[in-house]
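Residue numbers (this note's numbering), protein chains in the order written: chain D, 1 to 282; chain E, 1001 to 1280. The C-beta atom is built at its ideal place from N, Cα and C for all residues, glycine as well. These figures come from a predicted structure and were not determined experimentally. Written below as C-alpha cells is the structure these notes are about.
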C-alpha cells in the first residue's frame, strides 16, 4: 500500500523540476513583458482620460510617432553617442589593463601613478568637463576623454585587485619551476584576474555611456556631430517633449544592450570554471 | 632500479654514499621575529623516503620550503652534493613540490595543469602530450584530461597535483602534508599509490606530515621535530621491508613502530618550552 503510494508519487516528484525549469524561463520573459504592456497601457489611458498636454507628458503613441518621424535626427545622434561610448570603453579596457599590469609589475609605477588615478576618479566628471572642452582640439575628442576618464577606473582597480589576489601557493609553484616574470603574468596572473576584469568591464560599460551623456551636457555642442544628450537638451528647450522621451528611450535601450552584452561576454568566458558563472546545486 | 634498495633502511645507506640533500645548521627567523628553525642539520640519502613529523609550529613546512628553494635560510646552508651545478653555481635540482592543497589553476583543464611545468620550460603542447598523458595515467586520471579541477573530487584533484609533480620526472619529490585534507579511505588509497610509484621509480621523497600513522606506513626514516624553536628531536629508522600494503597496516610491527614514534613525538611536544597545554 505504502509502496504503491510512493511509486505513484515518485514520477510526479521527478516531473516537477523539469516543468518548473521551463516555466521559470517563460516567467522570466512573460512577467516583465506583461508588466511593460500594463505600464504603457496605463500611461496611454492616463494621457487620454485626463487630456494631458503633450508638452507636459506625451502619450506613448506620440512618443512612438516622434521616434518614427524624427528618426533621421535621433538615429544620427544615436550613432554619435554609440561611437563615443564604445571608443571610450575600448580605450578604457586597453588603458586600464595596461596600467594595472604596469602598476602590479612595478611598485614604483604604482606609487607614482595610482594616487592620480584615484584623484581623476573621485573628481566629478561634470566639474572637469569644461576644462577638457577648452583644451581638447574638438568636442568629440573632449567627450571621448571624459568618457574614458570615468570608464577606465573600474577596469584599472578591478584588474589590479585580480592580479594581486593570485594564490600564493601557485606563485610558489611558478617560482619553483623557474617561470619568468612574463610567464607568471601570462599563464597565472592574467587568467586569475579575468573574473575581476570582467566585473570591471560590466561597470565600465554602463559608466562609459553615462559619462558620454554627462560630458555632452557639459559641452553643449550643436550641429552635425551632436549625440543623443544634446538632442535631449534641445528637445527640452523647444518643448518637444515627445522627442525628448524618444531620445531617453534610445539611451535606456543602449544601456541595457551594453549591460546584456558585457554580461554575456563574462558568462561565456567564465562558464566552465568560475563560481560566479556556475549553477549551485544542492 | 636496484630491487634490494627498498629493504635497506636509509640510515645504513646514508653512511655509504653521498646524500642527495644536505642541510647544515639551517636557521630561519621570520621578519616578525618568530624563530621557525634553529640549527637544523639533516642528510637525505638518495632513494630514501624521509618523513618530517612534528606538532604544528615546529618548522617542518618551513624546512621543506627551504629545501625547495622557496625562501633562503637566515643562516646555514642547503647543499645538493650529487647534483650538477650551473654556470652561476646554482644546483640544478630536479625537484617537484606537492602542496597541502591541490593548488591547481581553476581556469585550466587537468591536461593544461599537468602540462604547466613543461610549458614553463618551453615545451609545446604537442611535444609534452605524451609525457602529460603518461603522468595522468600513473595516477589513474587519463580519462579526465579534459575536465576542469572543479569537476573533480578532492582526492582526484590531489592526484592531478601529484601527476603535475611527476611530469618533470623529478629525482626528489617534496610533499607538504599532501593528504591532510582528505578523508581516510582516499588517504589510504593515495598512500598506497604513492608507495607503489616510489618503489617503481626510486625517487627520494621528503614528506611532511603531522600523522604518526601515515609517517610510519610510508617512510623508511622519520625525523621527529620539536617546536619553539623548530629543531630535530629524534631521527628514527623504520626498518619494515617494502613493499608495504594493507597487511602491514594491521600488523603488530606497525603498531610497535607507531607506539615508538608516538612516544617520541609526545616527548618532542613536552620538550618545547611551552609544553603540551600551549600546543592544544
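1. In the DSSP assignment, find the unbroken alpha helix (DSSP H) run with residue 197 (chain D) in it and report its ends.
2. List, in chain order, every chain E residue whose beta-carbon is nearer than 8 Å to that of residue 268 (chain D).
3. On the three-pair Cβ rule with 8 Å, is the segment 160 to 171 of chain D touching the segment 180 to 193 of chain D?
4. For the beta strand (DSSP E) containing residue 1095 (chain E), list its first residue and its last residue.
5. State the start and end residues of the unbroken alpha helix (DSSP H) segment that holds residue 1034 (chain E).
6. Where does residue 230 (chain D) land, buried or exposed, given buried means 16+ other C-beta within 10 angstroms?
7. Any C-beta of chain D sitting closer than 8 Å to the C-beta of residue 1068 (chain E)?
8. Measure the alpha-carbon distance for residue 14 (chain D) versus residue 23 (chain D) and round it to whole angstroms.
9. Pull out every residue of the segment 1104 to 1131 of chain E whose Cβ sits closer than 8 Å to any Cβ of chain D, in chain order.
10. For residue 294 (chain D), count the other beta carbons within 10 Å of its own beta carbon; 16 or more makes it buried, fewer makes it exposed. Which is it?
11. Would DSSP call residue 238 (chain D) helix, strand or coil?
12. Since residue 158 (chain D) meets chain E, which of its residues come closer than 8 Å, beta carbon to beta carbon?
13. Go ahead and pull the three-state DSSP assignment for residue 1272 (chain E).
14. Check whether the segment 135 to 151 of chain D and the segment 90 to 102 of chain D touch, using three or more Cβ-Cβ pairs below 8 Å as the test.
15. Verify the CB distance criterion: does residue 136 (chain D) have a CB-CB separation below 8 Å to chain E?
16. Would you mind telling me which residues of chain E sit closer than 8 Å to residue 75 (chain D), beta carbon to beta carbon, in chain order?
17. When the Cα atoms are used, what is the spatial distance from residue 183 (chain D) to residue 1122 (chain E)?
18. If you follow the beta strand (DSSP E) that residue 1222 (chain E) is in, where does it begin and where does it stop?
19. Chain D partners of residue 1101 (chain E), CB-CB under 9 Å?
20. Indicate the three-state DSSP secondary structure (helix, strand or coil) for residue 1039 (chain E) in the structure shown.
21. Closer than 7 Å by C-beta to residue 1056 (chain E): which residues in its own chain qualify, once you throw out the five before and the five after it? Chain order, please.
22. Can you list, in chain order, the residues of the segment 188 to 205 of chain D whose Cβ is nearer than 8 Å to any Cβ on chain E?
23. Does the structure place the segment 1234 to 1244 of chain E close enough to the segment 1256 to 1265 of chain E that three or more beta carbon pairs sit under 8 Å?
24. Cα separation between residue 38 (chain D) and residue 276 (chain D)?
25. Closest Cβ-Cβ distance between residue 1159 (chain E) and chain D: below 8 Å?
26. Would a C-beta distance cut-off of 8 Å place residue 1194 (chain E) and residue 1095 (chain E) closer than the cut-off?
27. Alpha carbon to alpha carbon, how far is residue 114 (chain D) from residue 226 (chain D)?
28. Note down, in chain order, every chain E residue with its Cβ under 7 Å from the Cβ of residue 175 (chain D).
29. Please look up how many angstroms separate the CB atoms of residue 1020 (chain E) and residue 1082 (chain E), rounded, as I've assumed it's under 8 Å.
30. Name the residue from E:1148, E:1035, E:1176 whose alpha carbon lies nearest to the alpha carbon of residue 1067 (chain E).
31. Evaluate the contact criterion for the segment 57 to 66 of chain D versus the segment 233 to 250 of chain D: three or more CB pairs, one atom per stretch, below 8 Å.
32. Which chain E residues sit within Cβ distance under 7 Å of residue 272 (chain D)?
33. Please report how far the alpha carbon of residue 1220 (chain E) lies from the alpha carbon of residue 102 (chain D), in whole angstroms.
34. So that I know if they touch, is there some Cβ in chain D lying closer than 8 Å to that of residue 1097 (chain E)?
35. Have a look at residue 1168 (chain E) and residue 1161 (chain E) and give me their C-alpha separation to the nearest angstrom.
36. Going along chain E, which residues have a C-beta under 8 Å from residue 179 (chain D)?
Based on what the coordinates show:
1. The residue you call residue 197 (chain D) lines up with position 197 of the first chain. For residue 197 (chain D), the enclosing alpha helix (DSSP H) stretches over residues 190 to 219.
2. What you label residue 268 (chain D) is simply residue 268 of the first chain in a count that begins at 1. Going along chain E, no residue has its Cβ under 8 Å from residue 268 (chain D), so there is no contact; the nearest lies around 13 Å.
3. Flag = yes, the segment 160 to 171 of chain D and the segment 180 to 193 of chain D touch.
4. The residue given as residue 1095 (chain E) occupies position 95 in the second chain. Where residue 1095 (chain E) is concerned, the enclosing beta strand (DSSP E) stretches over 1095 to 1098.
5. Within the second chain, the letter at position 34 stands for residue 1034 (chain E). Taken as a continuous stretch (DSSP letters only), residue 1034 (chain E) belongs to no alpha helix (DSSP H), as it is neither H nor E.
6. Residue 230 (chain D) sits at position 230 when you count from the first residue of the first chain. Label assigned to residue 230 (chain D): buried.
7. Residue mapping note: residue 1068 (chain E) aligns to position 68 of the second chain, counting from 1. Answer yes: the Cβ-Cβ gap between residue 1068 (chain E) and chain D drops below 8 Å somewhere.
8. Reading the first chain from its first residue, position 14 is the one you call residue 14 (chain D). Reading the first chain from its first residue, position 23 is the one you call residue 23 (chain D). For residue 14 (chain D), the pLDDT reaches just 43, beneath the cut-off of 50, and the residue's location in the model is therefore unreliable, although a value from the coordinates is still provided. Distance between the alpha carbons of residue 14 (chain D) and residue 23 (chain D) is about 15 Å.
9. Of all residues in the segment 1104 to 1131 of chain E, the ones placed with a Cβ closer than 8 Å to any Cβ belonging to chain D are 1105, 1106, 1107, 1108, 1116, 1117, 1119, 1120, 1121, in chain order.
10. What the structure shows of chain D is the stretch from 1 to 282, and residue 294 (chain D) is not part of that stretch, so it cannot be assessed.
11. Working through the first chain from its first residue, we reach residue 238 (chain D) at position 238. In the structure shown, the three-state DSSP call for residue 238 (chain D) is coil.
12. What you label residue 158 (chain D) is simply residue 158 of the first chain in a count that begins at 1. Per Cβ cutoff of 8 Å: no residues; residue 158 (chain D) is ~17 Å from chain E at best.
13. In the second chain, counting from the first residue as 1, residue 1272 (chain E) sits at position 272. Under the three-state reduction of DSSP output, residue 1272 (chain E) falls in the coil class, being neither helix nor strand.
14. In short, these stretches touch, since the Cβ pair count reaches three.
15. Residue 136 (chain D) sits at position 136 when you count from the first residue of the first chain. Not an interface residue.
16. Along the first chain, one-based indexing puts residue 75 (chain D) at 75. In chain order: nothing, as chain E lies at least about 41 Å away.
17. Against the first chain, residue 183 (chain D) aligns to sequence position 183. Against the second chain, residue 1122 (chain E) aligns to sequence position 122. When rounded, the distance between both Cα atoms is 10 Å.
18. Taking the second chain and counting its residues from 1, the one referred to as residue 1222 (chain E) is at position 222. From DSSP, the beta strand (DSSP E) with residue 1222 (chain E) extends over 1221 to 1226.
19. Looking up residue 1101 (chain E) in the second chain gives position 101. Chain-ordered, the chain D residues with CB closer than 9 Å to the CB of residue 1101 (chain E) read 167, 169.
20. For the purposes of this step, residue 1039 (chain E) is identified with residue 39 of the second chain, where counting begins at 1. Strand.
21. For this step, residue 1056 (chain E) is matched to residue 56 along the second chain. 1210.
22. Result list: 188, 191, 192, 194.
23. Touching, per the Cβ criterion.
24. Stepping through the first chain from its first residue, residue 38 (chain D) is reached at position 38. Stepping through the first chain from its first residue, residue 276 (chain D) is reached at position 276. Approximately 34 Å between the Cα atoms of the pair.
25. In the second chain, counting from the first residue as 1, residue 1159 (chain E) sits at position 159. No, residue 1159 (chain E) does not count as interfacial toward chain D.
26. Here the question's residue 1194 (chain E) lines up with position 194 in the second chain. Here the question's residue 1095 (chain E) lines up with position 95 in the second chain. The answer is no: Cβ separation not under 8 Å.
27. If you number the first chain from 1, residue 114 (chain D) lands on position 114. If you number the first chain from 1, residue 226 (chain D) lands on position 226. Per the coordinates, the alpha-carbon of residue 114 (chain D) lies some 34 Å from the alpha-carbon of residue 226 (chain D).
28. Taking the first residue of the first chain as position 1, residue 175 (chain D) is located at position 175. The answer, in chain order, is 1070.
29. As a working note, residue 1020 (chain E) is residue 20 in the second chain. As a working note, residue 1082 (chain E) is residue 82 in the second chain. About 5 Å; that satisfies the 8 Å criterion.
30. The sequence position of residue 1067 (chain E) within the second chain is 67, counting from 1. Taking only the C-alpha atoms, the option nearest residue 1067 (chain E) is E:1176.
31. They touch, by the three-pair rule.
32. As a position in the first chain, residue 272 (chain D) is number 272, starting the count at 1. Residues of chain E passing the Cβ test: 1148.
33. Walking along the second chain from the start, residue 1220 (chain E) turns up at place 220. Walking along the first chain from the start, residue 102 (chain D) turns up at place 102. Roughly 50 Å between the two C-alpha positions.
34. Numbered from 1 along the second chain, position 97 holds the residue referred to as residue 1097 (chain E). Judged by the 8 Å Cβ criterion, residue 1097 (chain E) is in contact with chain D.
35. On the second chain, position 168 is the one that residue 1168 (chain E) refers to. On the second chain, position 161 is the one that residue 1161 (chain E) refers to. The alpha-carbon separation between residue 1168 (chain E) and residue 1161 (chain E) amounts to approximately 12 Å.
36. Start at 1 with the first residue of the first chain, and residue 179 (chain D) comes out as number 179. Neighbours of residue 179 (chain D) on chain E, chain order: 1120.
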